[in-house]
Amino acid sequence: MMKNDLLMKALMGEPIPRFPVWLMRQAGRYMEEYKKLRAREKDFLSLCKNVDLATEISLLPLKLLGVDAVIIFSDILVPLESLGVGLRFEEGEGPKVSWSGEPSRLGNYDPDDNFYVYEVIRKVKESQRDVPVIGFAGAPFTLASYMIEGGGSRDFRKTKVFMWERSYDFTRLMEKLTDTVVRYLSRQIEAGADVVQVFDSWTGYLGREDYQEYVLPFVSQVIESIKDRYDTPVIYFFRGSSSFIDLLRGTRVDALSVDWSVDISAEALRTDKALQGNLDPSVLYAREETVKLKTLELLRSVPRKTKYIFNLGHGLAPDMEFKKVKLLVETVKSFTI
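Here it is as structure tokens:
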């Protein structure tokens, strides 16, 4: 039995003395300890596949920040290799993704290809029993975007054109990725993940109608498939949250992780979902007094009985200062409800 079950209680709406806190990209380059471990592998993908190092990195935020959950160290793109998609990470440039552009030529996903991810989950669980372990996957649309763009993008125009002009192929691609994500998350849950989060990082580039037609049916299927099989809570993170949040209220997702475009206090009155977020990460570039002030402003705005988990509206960045991140976590943990 875990010593700190604040996250699980918050997701279920049970009474808690304070709001739980964890941060997206909480283990990363803003930590000197991470940089030392990263230097022991030739590239980022090799680091993700090194079970011992990935386990140690996963645990850094628990040891150094005292967060209320451990999210495993990996990357949303690693399942793509099993489909026959080329994947490499270049230092300072992000991921490079290559494929034929034809969904019919993709291979079938074999969950065993990502055995190292499940081993990291098991090792993290063995190493600590204090807090829950979060597994994760990229949402079908976000994975498709990386494939179509060949990596990141400033405007995702290739993805949009593919979606509009090759709608049949886009649907086949999304079906393939939906099946992949469900099978990948299932194995993470079976390995011991207490919670899983689905990341839809690029939905903020879409209009409401496109999200409703091309994204929502597939992410809903992921959620439904997991909830049909397991009791494990599912969190869905999506950018451009204020444009689409009402569309998610009818799904079986347990928690909505939102960006800073959403008024948490107002949304808490409209939904029975747990809410996660949504401090603007840019706050961490401000002075320490401002970090504390903005963190407290958000905490004070959340109705006390809300099913709520403190997080950022997006992930931590490499150039952020560790001391400010630690101050943020300490501020949340000292705020009693």
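The numbering of the sequence shown is the numbering used here, which starts it at 27 and goes up by one.
Backbone N, C-alpha and C fix where the C-beta goes; we use that ideal spot for every residue, glycine too.
{"query": "Integer-rounded CB distance, given that V284 should sit under 8 Å from I271", "result": "7 Å"}
{"query": "The stretch 78 to 89 / the stretch 46 to 60 touching (three or more Cβ pairs under 8 Å)", "result": "yes"}
{"query": "Coil, strand or helix - I147 by DSSP", "result": "helix"}
{"query": "L169 beta carbon less than 8 Å from that of L106", "result": "yes"}
{"query": "From D195, I335, E119, D136, residue whose alpha carbon lies closest to that of A95", "result": "I335"}
{"query": "S327 - DSSP class collapsed to helix/strand/coil", "result": "helix"}
{"query": "Residues that P121 bridges to, as DSSP identifies them", "result": "F115"}
{"query": "Straight-line Cα distance separating L338 from K29", "result": "24 Å"}
{"query": "G176 to F361 span [Cα, whole Å]", "result": "43 Å"}
{"query": "Of the listed residues R64, E314, K333, nearest to K350 (C-alpha basis)", "result": "E314"}
{"query": "For G164, the residue or residues it bridges with in DSSP", "result": "F225"}
{"query": "Three-way DSSP call (helix, strand, coil) for N140 in this model", "result": "helix"}
{"query": "With 16 other Cβ atoms within 10 Å as the buried cut-off, status of E82", "result": "buried"}
{"query": "Identified DSSP bridge partners for R44", "result": "T362"}
{"query": "Beta-carbon contacts of K320 that lie in its chain and below 7 Å, excluding the five residues immediately before and after", "result": "L305, V309"}
{"query": "Sub-8 Å separation of A294 and V248 beta-carbons", "result": "no"}
{"query": "Expected contact under 8 Å - CB spacing of K122 and R114 to nearest Å", "result": "5 Å"}
{"query": "P166 and F244 closer than 8 Å at C-beta", "result": "yes"}
{"query": "A65, DSSP secondary structure in three states", "result": "coil"}
{"query": "Run of the beta strand (DSSP E) containing I215, from where it starts to where it stops", "result": "No beta strand (DSSP E) contains I215, which is instead part of the alpha helix (DSSP H) from 193 to 217."}
{"query": "Proximity to M38 [Cα-Cα], best of L353, K62, K331, T357", "result": "K331"}
{"query": "Assigned exposure category for D226 - 16 Cβ within 10 Å defines buried", "result": "buried"}
{"query": "Buried/exposed call for P344, threshold 16 Cβ in 10 Å", "result": "exposed"}
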